[in-house]
Each structure stands twice: as C-alpha cells, then as structure tokens.
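Residue numbers (full-length UniProt numbering): 1 to 271.
Notes to accompany the following structure.
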DNA sequence: AACCTTCGCAACCGCAAGGAT
DNA sequence: CATCCTTGCGGTTGCGAAGGT
C-alpha cells in the first residue's frame with residue numbers, strides 16, 4: 001500500500017519510500033544523529049527533501065514506535081485527551097509516547113470520530129448531541145452555570161472557543177510567572193484581540209472571567225505537594241493533567257502551579 | 001467475477017513559530 | 001528590524017486493501 005513514486009521539478013523523489021531508502025536514512029541517523037534535515041538527504045545519499053525524511057523518520061523509522069491496532073485502552077486515552085486538548089495531535093502524542101501524532105490523528109479521523117458520532121456524542125465537544133452544548137466563551141453572559149463535571153461532558157473545545165482559551169491561558173501564564181501586575185497582563189492581552197472583538201460587554205465578561213480565574217488559581221496552594229493537587233475532583237472540576245498543571249475543562253483553562261515557573265510548559269496547551 | 005464503496009494509513013502540503021543572519 | 005531558513009504541526013490527499021452488492 002502506498003503512493004506511486006514520482007519526481008518533482010527539482011528531481012526529488014516523492015511518494016512511497018523503498019526499503020533501500022529507509023535503510024540509508026536509518027544508517028545515517030544512527031551514525032550522525034538527528035537535526036539539519038535540510039541538508040540530510042544529500043549527505044545520506046537520498047533523493048528526497050528534508051521534510052520527507054523527517055516525516056519518514058518520526059512516523060515510521062524512529063525506534064520505539066508501536067504500530068498496528070489500537071487497544072481499547074489506547075482508544076479510551078485518545079478520546080480522553082482529545083476531550084481535553086482538541087485536535088492537538090502532537091500534544092496528545094506526547095501523552096502516548098509509543099504512538100505517533102499521525103497515527104493518532106488517522107485513527108481518530110477514520111474510526112473514533114465516527115464511533116462517537118454513532119453513540120450520539122459530538123466528537124468535537126464530547127457532549128451528547130441531543131443536549132444543548134455549553135461552550136464557555138468570553139462573550140458569554142453567564143459564568144455561573146457550569147455543567148455538573150463528568151469526564152465525558154467536557155466543553156474543552158479547540159474550535160468554538162479558541163479565543164477565550166487563548167485569553168485565559170495567557171492570563172494564567174501571566175499570573176503564574178508573576179512578571180506583571182494583573183492590569184498590565186490584561187492590557188497586553190487585550191491589545192492582541194481584534195479591535196471589534198473588544199466591546200464593552202466583552203470587557204465586562206473578561207473582567208468577570210479574570211476574577212473567576214484568579215479565584216480558581218488561588219485554590220492551588222503553592223505549598224501543596226504534587227500528590228495533593230486536585231485531581232478529577234468533582235467539586236472543583238479540575239483535572240490534574242500532569243505534575244505541574246491542571247485543566248479546568250469547564251472553563252477552557254489551564255492553570256500552572258506557581259512552583260513550576262517554566263512557561264514553555266504551558267505552550268502545550270495554547271490553542 | 002466485476003464493480004463500487006469504505007477503510008486504513010502513509011505521505012504531502014501549507015502555514016506558523018522561532019532562531020539565525 | 002527585516003528577511004531567510006529550519007522545524008513542527010494539522011489538514012488533506014492518494015491509493016491499495018477489504019468488504020459489500
């Protein structure tokens with residue numbers, strides 16, 4: 001199975017990889033390590049573009065890749081992480097180190113998405129399609145009507161509420177780093193919003209959201225040990241995503257605890 | 001047996017972010 | 001500061017296999 005082989009205008013080979021090409025790539029990387037994909041093909045004696053080599057290595061040749069059928073447990077994991085992270089396949093793949101993002105994405109698109117839809121669950125919101133979907137947005141007027149938390153009713157969506165998630169994440173990052181006062185954080189973030197997006201009503205909602213976020217953030221005591229962090233707590237709605245960050249799926253937000261101040265960690269969640 | 005449709009998956013493409021110059 | 005280059009990501013496509021009629 002695969003694509004037919006052809007050559008582009010620069011004489012670079014496209015389409016299916018041969019066993020000989022795979023061998024050359026593996027031998028070269030084993031000898032010289034990763035990096036400099038642009039010049040790698042020439043040095044490895046391959047008539048491919050660097051991008052193609054990189055993809056082949058990451059999705060197929062790299063050691064430790066698990067191939068073949070997904071187990072029910074893996075499928076459950078994908079659904080769980082998709083509910084939290086949306087279509088961020090690379091982020092999901094980081095939680096499942098033996099599977100590639102491409103593999104996960106393919107399995108989701110060809111199988112899991114349809115399966116959820118058949119069950120009456122919206123694959124994007126992970127909510128029952130028969131009930132009204134509640135998606136938090138900075139434009140929403142009410143912030144007090146979060147649904148009863150349950151692992152399958154998350155409204156963490158990467159599409160319908162991208163703006164609000166980005167806003168809240170940046171705010172959380174700003175608070176977390178304590179580099180700026182709240183007002184300056186807000187000013188910076190609002191400057192990034194499209195002009196028409198910041199009307200008076202939205203400002204009020206943002207202010208309300210800000211207070212809500214701060215109060216939520218304060219629930220995390222910096223003196224807490226990792227084990228004491230809220231985890232799948234039906235009262236708070238927090239889900240401990242890893243040792244240092246919490247997701248509040250009902251507010252499309254991520255909170256990073258204060259004792260971990262490397263903001264790059266938060267990048268995983270930025271939409 | 002022939003044809004059509006769906007599935008599964010490897011690979012491509014365009015875009016964006018970040019670093020180097 | 002601007003431009004170029006590299007790397008990484010997500011959406012989409014192409015195509016053989018499998019299944020259905």
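We put the beta carbon where it would ideally sit given N, CA and C, even for glycine.
Owing to the predicted nature of the structure, the values given are computational and were not obtained by experimental measurement.
Rounded to the nearest whole angstrom, the CA to CA distance from residue 81 to residue 92 is 6 Å. By the beta-carbon neighbour count (other beta carbons within 10 angstroms, threshold 16), residue 90 is exposed. Residue 123 sits buried, since 16 or more C-beta atoms from the chains shown fall within 10 Å of its C-beta.
In the displayed model, residue 78 falls within a helix according to three-state DSSP. Looking at the backbone, the Cα of residue 21 and that of residue 67 are separated by about 20 Å. Counting along the chain, residue 50 sits inside the alpha helix (DSSP H) bounded by residues 50 to 56. Fewer than three pairs of CB atoms, one per stretch, sit closer than 8 Å, so the region 71 to 88 makes no contact with the region 48 to 60.
The residues 24, 25 and 28, in chain order, have a CB closer than 7 Å to that of residue 44 in the same chain once the five nearest residues on each side in sequence are set aside. Bounds of any alpha helix (DSSP H) do not take in residue 108, whose DSSP letter is neither H nor E.
Here residue 19 is not bridged, per DSSP, to any residue.
Rounded to the nearest angstrom, the gap between the Cα atoms of residue 16 and residue 49 is 13 Å. Between the alpha carbons of residue 54 and residue 36 lies a distance of about 10 Å. A residue is called buried once 16 or more other Cβ atoms fall within 10 Å of its Cβ, and residue 3, having fewer, is exposed. Linking residue 108 to residue 71 through their CA atoms gives a straight-line distance of about 13 Å. Within a 10 Å sphere around the beta-carbon of residue 86 sit 16 or more other beta-carbons, which makes this residue buried. Annotation: residue 11 to residue 46 spans about 11 Å, alpha carbon to alpha carbon.
Nearest in C-alpha terms to residue 39, of all of 121, 113 and 51, is 51. The alpha-carbon separation between residue 105 and residue 42 amounts to approximately 31 Å. Cα atoms of residue 98 and residue 110: separation of roughly 20 Å, rounded to the nearest angstrom. Taking the CA atoms as reference points, residue 14 sits about 12 Å from residue 56.
DSSP, reduced to helix, strand and coil, places residue 114 within a helical segment of the structure shown. Straight across, the Cα-Cα distance linking residue 73 with residue 125 is about 21 Å. A residue is called buried when at least 16 other Cβ atoms come within 10 angstroms of its Cβ; residue 18 does not meet this threshold and is exposed. Short of 7 Å from the beta carbon of residue 103, and not among the five residues preceding or following it, lies no beta carbon of its own chain. Looking at the DSSP output, residue 128 sits in a beta bridge with 121. Taking C-beta separations shorter than 6 Å and ignoring five residues to either side along the sequence, the partners of residue 129 in its chain run 120 and 122, following chain order.
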